[in-house]
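Worksheet: the structure to be examined is printed underneath.
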Amino acid sequence: MLSSTDLKKLIDDALGGETPVGRPSDRDWDSLDQLEITTHLHDELGDRVNEIEGLNSFETFDQLVSILRAEGFVE
Numbered sequence: 023m024l025s026s027t028d029l030k031k032l033i034d035d036a037l038g039g040e041t042p043v044g045r046p047s048d049r050d051w052d053s054l055d056q057l058e059i060t061t062h063l064h065d066e067l068g069d070r071v072n073e074i075e076g077l078n079s080f081e082t083f084d085q086l087v088s089i090l091r092a093e094g095f096v097e
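Here it is, written out as structure tokens:
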């Protein structure tokens, strides 16, 4: 199980790390960002990630945390 802080770090790593304009986890994401995040989640959490409803429709960190918390992946 990940903490929200660990999830934020995983997302920042998935999207190239912090830049001068801020952290990737602090902005809205497009479909390519979602794919990168989902791929990294799969690598970190395993095949169960593929079964999570809603992973094709999140656009913000808060939405993703909510989805993953409901599935028991985030504390």
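Under this note's numbering, read the sequence shown as residues 23 to 97, first letter to last. Backbone N, C-alpha and C fix where the C-beta goes; we use that ideal spot for every residue, glycine too.
Grab me the residues of residue 87's own chain with a C-beta within less than 8 Å of its C-beta, minus the 5 sequence neighbours each way, in chain order.
-> Start at 1 with the first residue of the sequence shown, and residue 87 comes out as number 65. Closer than 8 Å at the Cβ level, and outside the excluded window around residue 87, lie 26, 29 and 96.
So, residue 37 versus residue 46, is the Cβ gap smaller than 7 Å?
-> Position 15 of the sequence shown, counted from the first residue, corresponds to residue 37. Position 24 of the sequence shown, counted from the first residue, corresponds to residue 46. Cβ atoms of residue 37 and residue 46: closer than 7 Å.
Kindly list the residues whose CB is nearer than 7 Å to the CB of residue 93, restricted to its own chain and excluding five residues on each side of it in sequence; keep chain order.
-> Here residue 93 refers to the residue found at position 71 when the sequence shown is read from its first residue. Correct list, in chain order: 74.
Look at the alpha carbon of residue 53 and the alpha carbon of residue 42, and state the distance between them as a whole number of angstroms.
-> Residue 53 sits at position 31 when you count from the first residue of the sequence shown. Residue 42 sits at position 20 when you count from the first residue of the sequence shown. Taking the straight line joining both Cα atoms gives about 22 Å.
Alpha carbon to alpha carbon, what distance is there between residue 48 and residue 40?
-> One-based indexing of the sequence shown puts residue 40 at position 18. One-based indexing of the sequence shown puts residue 48 at position 26. Residue 40 and residue 48: Cα-Cα distance of roughly 10 Å.
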